[in-house]
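Quick note on numbering: the sequence shown equals residues 1 to 246 in UniProt numbering.
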Amino acid sequence: MQPSPFIGELVGTMVLILLGNGVVANVVLKKTKGESGGWIVITAGWAFAVMFGVFTANAFGSAAAHLNPAVTVGFAVLQNDYSFVATYIPAQLIGAFLGAVLVWLQYLPHWKATEDGGAKLACFSTGPAIKSTGANFLSEFIATVILIVGIVAIGYAGTSDPEKGGIPSGVAPYLVGMLVWSIGLSLGGTTGYAINPVRDLGPRIAHAILPIPNKGDSDWGYGWIPVVAPIAGAIIGGLILRGFSF
């Protein structure tokens, strides 16, 4: 098997979800070493998950390392090039599902030890702190616009000065991780900041399928918001950036 953009997006997204949802499981499931670690631990863990997901995607053949259909759509709109969408998004969805299965395996004894079905679902997918369709949609929309603009701004850093050029490629994953950390700390308290359709959809499918004791409902009534709102935010973010000729 040769490295390729498809394999890179799949494996990178799998690592992203394994480490990202893994830190949630470590904090919310019972009898783990990290139980009740809190929001700072979760947001930091997700930031590192993004960083190592990007590095992994690069190593396995995806130079772009989107790991997120919202990023893929945002760049497609920005560049007016949709040729990579049909390759990246299926790979991301498969990777997200596999990453969620690995989280389930990693914490196998702790599902039975945890009585709260909502806590178990939180280890797979996002949910709102206060359920309000419009407000929840807006939260995910705003956060995703910031994600797209922030990623492009990181790539643009220094390029306005020909003497400096762009930032070194190896630095970018660290900065994207910090961007996601910032979004989580500042904007994530409303919905859990999915900002990534497959980050929510793939693991939610895994939650519905896997034999998790007393897992409860997968909350599909909410599940469309973390899929549709980030895509809408990505489109608007891409259009904003096109308007400024990025």
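Heads up, the beta-carbon is just placed ideally off N, CA and C, and yes, glycines get one too.
Query	Result
Supposed contact pair Asn58 and Gly8 - C-beta distance, whole angstroms, cut 8 Å	7 Å
Nearest candidate by alpha-carbon position, reference Ile17, set Ser245, Leu201, Gly221 and Pro213	Leu201
Separation of Ile94 from Asp217, as counted between CA atoms	22 Å
Start and end residues, alpha helix (DSSP H) containing Ala224	Just to set this straight, residue 224 is Trp in the shown sequence, not Ala. Trp224 -> no alpha helix (DSSP H), and no H or E assigned at all.
Identity of the residue in Gly155, Leu175 and Phe141 nearest Ala234 by Cα	Phe141
Near the ligand MN: Val198 beta-carbon under 7 Å from a heavy atom	Questions concerning the ligand MN fall outside what the structure shown contains, since it holds no ligand whatsoever.
Buried or exposed (CB count within 10 angstroms, at least 16 for buried), Phe244	exposed
Residue from Gly189, Tyr222 and Thr191 whose Cα sits closest to the Cα of Arg204	Tyr222
Minimum length 4: unbroken alpha helix (DSSP H) runs contained in the stretch 32-82	39-59 and 69-79
Pick from Glu115, Val152, Ser36 and Ser125 that is closest to His66, judged by C-alpha positions	Val152
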